[in-house]
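Structure first, commentary second.
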Amino acid sequence: MPASPTPPASDALITPELLLLVDAIARHGSFAKAAREMGKVPSAVTYAIRGLEDRLDVLLFDRSGHRAVLTPAGQALLDDGRLLLKSLEDLTRRVRRISTGWELELRIAVNGVLPWPPLYDLIEEFQTLGSTTKLRFTSEVLSGTWDTLAGGRADLLIGGDAALAPPGRFATQPLGEVHMLFCVAPHHPLAQATGPLAPADIGAHCAVVVADTSRALPPLTRNLLDTQQRVVMPTMQAKIDAQIRGVGCGYIPRMLAAPYLDQGLLVAKATRDGDLHERLACAWRAPAQGEALKWWLKKLESPRLRGSLVDAPAAGHPTRG
């Protein structure tokens with residue numbers, strides 16, 4: 001009896017490309033927007049998803065409304081597919097690291113309270129090495145700093161709040177201390193206040209804050225009064241810009257606030273609670289195996305670099321936390 005013909009691989013498999021398509025459509029709620037993200041024409045995306053649905057004999061998206069919405073079967077495929085894609089990415093990095101010693105990609109999460117210019121200098125220096133390692137940076141806030149490392153979305157954390165470090169999971173080295181100043185625009189009502197500001201003074205005005213970027217760890221708020229009105233901004237720079245316009249008040253890292261204070265665009269006000277301080281650390285999964293990660297960790301030991309990132313550089317060696 002002759003063997004049945006083997007169907008083409010594209011007709012027989014759920015490929016990583018198809019999983020990425022499902023992910024893009026789910027995030028955008030649109031086949032057209034997903035096509036733009038993936039660099040395809042919309043008809044190709046529609047054809048690919050319909051082919052996948054036919055092979056699985058399930059409906060992955062409900063297309064009856066204005067947005068493409070995952071069906072329960074589609075959600076199950078997406079959830080498991082994301083795990084599979086992450087496993088494939090991890091495998092690629094592992095094979096690359098074993099083969100050359102240099103990671104295919106180094107993912108670095110940076111606390112939003114830190115200045116970027118010193119890191120730009122490091123990026124330029126790293127580029128002179130001629131490494132094929134791609135650097136990918138994210139800016140994280142509050143619990144999001146440790147969440148991105150714990151969730152496997154970062155290989156190196158620069159500036160995680162030492163007080164929030166999960167116990168027993170990562171190697172750390174101290175970075176230093178950041179001072180936070182309470183700042184307002186010169187035309188803000190609090191700018192004319194005399195003496196240290198009391199909680200009641202601050203609570204009467206809108207606070208400008210940056211959203212916690214955590215996905216899994218409980219999100220935090222800091223230095224806010226329960227009844228205080230607030231405006232939530234996406235980045236530290238957006239928060240600073242909003243405070244310069246007088247939208248509200250709030251604490252800003254001294255090193256980031258300094259140029260605006262010098263130009264008279266912001267005014268630092270004393271509070272009864274005094275200036276705030278955050279003790280920061282760098283963290284990674286031990287042992288550090290990739291050459292790119294080792295290079296960055298060595299550079300981060302420099303007192304001069306630490307002095308350009310924080311107000312009070314820390315002295316110390318890596319520890320297992």
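Residue numbers (UniProt numbering): 1 to 321.
We put the beta carbon where it would ideally sit given N, CA and C, even for glycine.
Quantities reported herein were computed from a predicted structural model and do not represent experimental measurements.
- Counting only the Cα atoms, A270 lies some 5 Å from P196.
- Sequence-distant Cβ neighbours of Q229 in its own chain, meaning closer than 6 Å and more than five residues away, are C206.
- Under the Cβ criterion (8 Å, minimum of three pairs), the segment 209-216 counts as touching the segment 132-146.
- Cα atoms of A242 and P118: separation of roughly 24 Å, rounded to the nearest angstrom.
- Per DSSP, the unbroken alpha helix (DSSP H) holding V45 starts and ends at 42-56.
- Cβ atoms of L88 and L175 stay farther apart than 8 Å, at about 33 Å.
- Here V231 is near V208, since their CB atoms are less than 7 Å apart.
- For E105 against K86, the beta-carbon gap comes to about 13 Å, at or over 8 Å, which does not count as contact.
- When Cβ pairs closer than 8 Å are counted between the two stretches, the segment 142-162 is seen to touch the segment 281-299, the count reaching three or more.
- Membership of P115 in any alpha helix (DSSP H) is not indicated, and neither H nor E is assigned to it by DSSP.
- In this structure, the alpha-carbon of G81 lies about 13 Å from that of L52.
- Secondary structure of L60 (DSSP, three-state): coil.
- Distance check between Y260 and each of D273, P199, F182 places F182 closest, using alpha-carbon atoms only.
- Between the C-alpha atoms of H179 and Q237 there is a straight-line separation of about 17 Å.
- In its chain, beyond the 5 residues on either side, A34, E37, M38 have a beta carbon closer than 7 Å to the beta carbon of A24.
- In chain order, A185, Y260, L265, L266 place their CB closer than 7 Å to the CB of I244, counting only its own chain and leaving out the 5 sequence neighbours on each side.
- Boundaries of the beta strand (DSSP E) harbouring S139: 134-140, taken from the DSSP string.
- Looking at the DSSP output, H277 shares a beta bridge with H179.
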